[in-house]
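Please read the structure below before turning to the comments.
There are 2 protein chains.
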Amino acid sequence: MTSARPPGRVWAHVGQPFTPGTDPQAPYDVLILGAGRMGSALALTLTEHAPHLKTLLVEEGGLPNEDGATILAPGIWTTAHLPESQHGAARWTLERLRDLLGDDLQPRPYLTLHDQPAPNTQPTRDLLGAHPQSLALLDPEALPHARAHEAHTYRPGTLAQVAAQSAIRRGTDLLLNTSATPHPGGRVTLERLTVTNTHQVVTHDIHTIHAPLIVLATGAHAPAQAEHHLGVHTRHARAYRQTPHLAAPSTEAAPVLHARGLTLRPQHGAYTLIPPIHHRDPHGYAPQGGHLTGVPTGLRRETLEDLVGLMDALPPLATSDLHLGRSLADIPGAWLALPGGQPDATPTHQRLDDHTHLLLGGPHADTLGLWTADELARNIAGEVGRR
Amino acid sequence: MTSARPPGRVWAHVGQPFTPGTDPQAPYDVLILGAGRMGSALALTLTEHAPHLKTLLVEEGGLPNEDGATILAPGIWTTAHLPESQHGAARWTLERLRDLLGDDLQPRPYLTLHDQPAPNTQPTRDLLGAHPQSLALLDPEALPHARAHEAHTYRPGTLAQVAAQSAIRRGTDLLLNTSATPHPGGRVTLERLTVTNTHQVVTHDIHTIHAPLIVLATGAHAPAQAEHHLGVHTRHARAYRQTPHLAAPSTEAAPVLHARGLTLRPQHGAYTLIPPIHHRDPHGYAPQGGHLTGVPTGLRRETLEDLVGLMDALPPLATSDLHLGRSLADIPGAWLALPGGQPDATPTHQRLDDHTHLLLGGPHADTLGLWTADELARNIAGEVGRR
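These protein sequence lines map, in sequence, to chains C and W. Using the UniProt record's numbering, the first residue of the first sequence is number 1, and each one after it goes up by one. Using the UniProt record's numbering, the first residue of the second sequence is number 1, and each one after it goes up by one.
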C-alpha cells in the first residue's frame, strides 16, 4: 500500500506559480474538485488503490475543510438510523475513522428517546441515571422510553484535513484558493483567487488543464455544476441545514440525545442542535431567517417550527438557552447535498460522462462517507487498469 | 331551511358607498374573509344552519372565485386517494355538489395506472379499450395495470360563484374588490380598492368594523394573516402548484388518468396536468421557472423533474405537446394551502382566538371542502346558540 512517490506539492496562494507536472496539457491523471471530506477521502483512497495515478485536489477555500457542509456536519458515527443492509459499510467506515483520527474519535453513548415503548427501549430515567445533566434537559414524562446505540463522535473538518494531508504525503498535489469549472471532454478551468487590499476576491490567473478523469466532490454545489457545465441532469437536490447552539452545559462524557428527529450533540461544553431534514428545498430557494409571531429570528421558519414542537419534551428549547439569533448570519448553516433528492439517502457516486464522476456525501456522510469514497477509488483503479 | 331575509347586497365597486346595516359599529354577526370556494361555501351553509346570523363575505378580487387556488383547482371529486374513514364525508360532499352544480357536475372515469399489479387492477389495455385516444397517451408496457375509480369533474370557480350567489339570495352581503385585515378583538379593517387611469390599484376608502365572529378563508394566505395580524402561530404551510397544459386531444368522455402522482385531467379538448405535491415549500420561497440542462422553462424545477421521470411511461410529455413556457408567467400556478403542513392533509377548520376561525381547503378541497365548510357552519350555529 506504500507509494514510492515523493510527497505532493501544495499551492496555497497566488504568490506560488502554479506549474503542474511535465505535460502542460494533461499533467494529472485525476482532478478532484472540492477538498471537503468526500474529496479529501477520495484523494487518499486513490493513493491506496491506484498509487500510480497522479492526482490534483482543488479547493476553493484556503484549507481542505473550508466548505460549510463538512465543517458543520454533526460528526456522529452511528448506525441508529441506518437499515441493516448498510451496517457493514458503516463498520468499515468506523475502522477507517479509527485509523485516521486516533484519539480524535471518541466513543460516546447515543440515546434515541421515544414517546412509546419500542424494541430494546428502557425507561429514560434508568438509562440516563448516570447522566443527571442530560436528564435535566428533557421531560421524562414526555419521552419516557429510551434506547442506547453505539456511537462515536469526531470533527469532520479534522477528518478532511487528516485525509488531505495523508494524500499529500503519498503524492497528491493540492491547489487551494482556486475556483474550478469542469467542461465536457475532461477539461477544467482553474481560476486562482486572491484578495485585494479592499477585500475583494478577484481572479489572479486562469489555467486550463485536461485530465482523463475528473471527480466533482463539491457537495451540494456538484449537481448544479454537472448540469450547468456538463449538461448532465440529475435528480440530486439539496437542503439548507442550520445547526443552532443550545447553551445547556455538557461534559466530555455526555451522551448524544435524539428525539423526534432532532439530535442534541454535546460540543464545546454545550450542545449543537441538528434538526431533522424532512425534504429537499426547492430550486431557487434563498435561505432566510423566520418570524415567530412577529419576532424576527435567524432560524429558518421550518426549523423553528420543529423546535417549537419539541419544547414540551425538551424544556430548555423554550428558554433563552436556545440561540435564535436575529438574522440568518447569526446561525451556523450550510447547504447539504441530498443524493437522489431524498433526505434519508446514503452517500453515492455516479458516472456523469466519459471523463467525469460525481461524489456526494449528504446526511449520512458521517457514518458512510469514507466507504463510498473508497468504493469510487476502487472503481477508478479498476477502470484505469482495464484501459 | 328557507330564510325570511331579503336578499343580501353586493358592493362591486367603490362607486357604491359601503353602508352596512344599522349598527355602524357591529353591523354583522359574521365576517368571512375570502370568497373562494371555502369562504363561499361557508357563507351558504351558514344561511342554512344559522339563518338568523347576518354575514358579510369579503373578497379582494372582483368575483367570488378570483383567487388562483380555486380557479386552478383540478375540480375532480374522487375517493381514489382518501382513506376509508373519509369516504362518508366525501359522499356527503358529492350530494352537495349535485345539488349546487346540477349538470355542471359530470361523471367521468378515473383510472390509476400502476407499474405493478395491485388490488382491483386490470390490464391497462383492457380498461382503456373503449378510449383509444387515452391509450395513445401512455406506454402500456410501462404502466400495464390500471384500476377504475368513481369520479366526477366540475369547475371549482363555478362552485364558488354558485355558492356565493345562493348565499346572497338568502341574505348574505358581498363586498368585492376589498382587502381585509383581521385584528385581535373581532375588528377588521376593510380597504376598498380601485384602479386608476394609470392601472395602479389604490385604496379608495377604509372602514373598520367589528363582528363577534370572523372566519379567515383566504386559502394559502390565511396562516400568515393569522400569525402577522392576530399573533397566532400555526403549523399550516403552503406549496406553489403549477398546472401545465398538454396539447393532446381529449373528448368529453375521456377518463382522468393518474400515474405516479401525476393527474392528467381532460379539459377544454386537451389535458391539464396536475403534478404531485411532495411537501411544503419553505417560508420565503419565491416561485420561479427552472432550467433543464440550460434551457429556461416556466415550470418550476421540481415539477419539471417529476415530468421528466414520467416521460418513459407517458411519451407525449417528451414532445412539444407539453407546454413548458419560457418564464413563470407562462404557466398557470397558484399557492395551495397545506393544512398542518402536510401534502395529503384534508380540509380543516380551527379556532384561532375568541373571535376568529380559520377555514382551509388544500389539496383535497375538491372532494371534501363542502363537508368541512358545513361542519364549521354547524359549529358556529351551535356556539351562537349557546350564547
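Note that the Cβ used here is the ideal one computed from N, Cα and C, for glycine as well.
| request: Locate the alpha helix (DSSP H) running through Asp-306(C), then write down its first and last residues. | output: 301-310
| query | If you measure beta-carbon to beta-carbon, which residues of the segment 275-287 of chain W are closer than 9 Å to chain C? | reply | His-278, His-279, Arg-280, Asp-281, Pro-282, His-283, Gly-284, Tyr-285, Ala-286 and Pro-287
| Spatial distance of Leu-128(C) from Ala-222(W) (CA atoms) | 43 Å
| said: By the DSSP assignment, the alpha helix (DSSP H) with Arg-96(W) in it spans what residues? | reply: Segment 87-101, the alpha helix (DSSP H) holding Arg-96(W).
| field | Within 7 Å of chain C by C-beta, residues of the segment 232-250 of chain W in sequence order | value | His-233 and Arg-235
| Leaving out the 5 sequence neighbours to the left and right, which residues in its chain are closer than 6 Å to Leu-100(W) when beta-carbon positions are compared? | The beta carbon of Leu-100(W) is closer than 6 Å to those of Val-162 in its chain, skipping five residues each way along the sequence.
| message | Contact between the segment 343-352 of chain C and the segment 274-293 of chain C is defined here as three or more beta-carbon pairs at a separation below 8 Å; is this criterion met? | response | yes
| query | Roughly how many angstroms separate the alpha carbons of residue 454(W) and Pro-117(W), rounded to a whole number? | reply | No information on residue 454(W) is available, as it lies outside the stretch 1 to 387 that chain W covers here.
| Cβ of Leu-190(C) within 8 Å of Cβ of Thr-178(C)? | Yes. Within cutoff.
| Of all the options Ala-224(W), Leu-230(W), Leu-246(W) and Pro-244(W), which has the alpha carbon lying nearest to the alpha carbon of Arg-238(W)? | Ala-224(W)
| In angstroms, rounded to a whole number, what distance separates the CA positions of Tyr-110(C) and Leu-44(C)? | 29 Å
| said: With DSSP as the reference, identify every bridge partner of Ala-26(C), one or two as the case may be. | reply: None; Ala-26(C) has no bridge partner.
| Exposure label - Thr-203(C); buried when at least 16 CB within 10 Å | Taking every protein chain shown into account, the CB of Thr-203(C) has fewer than 16 other CB atoms within 10 angstroms, so this residue is exposed.
| Proximal chain C residues relative to Glu-302(W), where beta-carbon distance stays under 9 Å | What Glu-302(W) touches in chain C: Ala-237, Arg-280, Pro-282, His-283 and Gly-341.
| query | Can you find a CB in chain C that lies within less than 8 Å of the CB of Met-1(W)? | reply | A caution first: Met-1(W) carries a pLDDT of 46, below 50, which makes its placement in the model too unreliable to give a value.
| query | Whose C-beta lies closer than 7 Å to the C-beta of His-131(C) among residues of the same chain, with five residues either side of it excluded? | reply | Ala-254 and Pro-255
| Three-state secondary structure (DSSP) at Ser-3(C)? | Its pLDDT being 46, under 50, Ser-3(C) is placed unreliably by the model, and the measurement read from it follows with that caveat. Under the three-state reduction of DSSP output, Ser-3(C) falls in the coil class, being neither helix nor strand.
| field | 8 Å contact criterion, which Ala-146(C) and Thr-78(C) should meet: CB distance rounded | value | Contact doesn't hold; Cβ gap of about 15 Å is too wide.
| field | Cβ of His-228(C) within 8 Å of any chain W Cβ | value | yes
| field | Beta-carbon neighbours of Leu-292(W), restricted to chain C and to distances below 7 Å | value | His-233
| request: Output yes or no for whether 8 Å exceeds the beta carbon distance between Arg-357(W) and Val-215(W). | output: The sequence shown places His at residue 357(W), not Arg. Yes, Cβ-Cβ distance for His-357(W) and Val-215(W) is below 8 Å.
| When the cut-off is 8 Å and only beta carbons count, does Glu-191(C) lie next to chain W? | Contact of Glu-191(C) with chain W is not assigned, every C-beta pair being separated by 8 Å or more.
| beta strand (DSSP E) containing Ile-331(C): first to last residue? | First-last for Ile-331(C): undefined, no H or E at that position.
| message | Distance cutoff 8 Å, beta carbons only. Does Glu-59(W) sit that close to anything in chain C? | response | no
| What in chain W is Cβ-close to Glu-305(C), meaning under 7 Å? | Arg-235
| field | 8 Å contact criterion, which His-229(W) and Pro-182(W) should meet: CB distance rounded | value | 5 Å
| message | Quick test of the definition: if touching needs 3 or more C-beta pairs under 8 Å, does the segment 309-321 of chain C touch the segment 243-250 of chain W? | response | no
| Buried versus exposed, by CB contacts within 10 Å (16 or more), His-364(C) | buried
| field | Distance between Leu-46(W) and Leu-63(W) (C-alpha atoms, nearest Å) | value | In a straight line, the C-alpha of Leu-63(W) is about 20 Å away from that of Leu-46(W).
| task | Could you spell out where the beta strand (DSSP E) holding Glu-59(C) opens and where it closes? | result | Neither: Glu-59(C) is in no beta strand (DSSP E) and is coded neither H nor E.
| query | If Ala-217(W) sits next to Gly-34(W), beta carbons under 8 Å apart, how far is it from one beta carbon to the other, in whole angstroms? | reply | 4 Å
| field | Sub-8 Å separation of Val-295(W) and Leu-53(W) beta-carbons | value | no
| said: Considering just the uninterrupted stretch of the alpha helix (DSSP H) at Pro-156(W), what are its terminal residues? | reply: 156-169
| field | Residue environment, Thr-19(C), which counts as buried when at least 16 other CB atoms sit within 10 Å | value | Counting the other Cβ atoms within 10 Å of the Cβ of Thr-19(C) gives fewer than 16, which makes it exposed.
| request: For chain A, find out if any of its Cβ atoms is closer than 8 Å to the Cβ of Glu-95(C); answer yes or no. | output: In the displayed structure, chain A is absent; the protein chains listed are C and W.
| query | Cα separation between residue 390(W) and Thr-348(W)? | reply | With chain W covering only 1 through 387, there is no way to say anything about residue 390(W).
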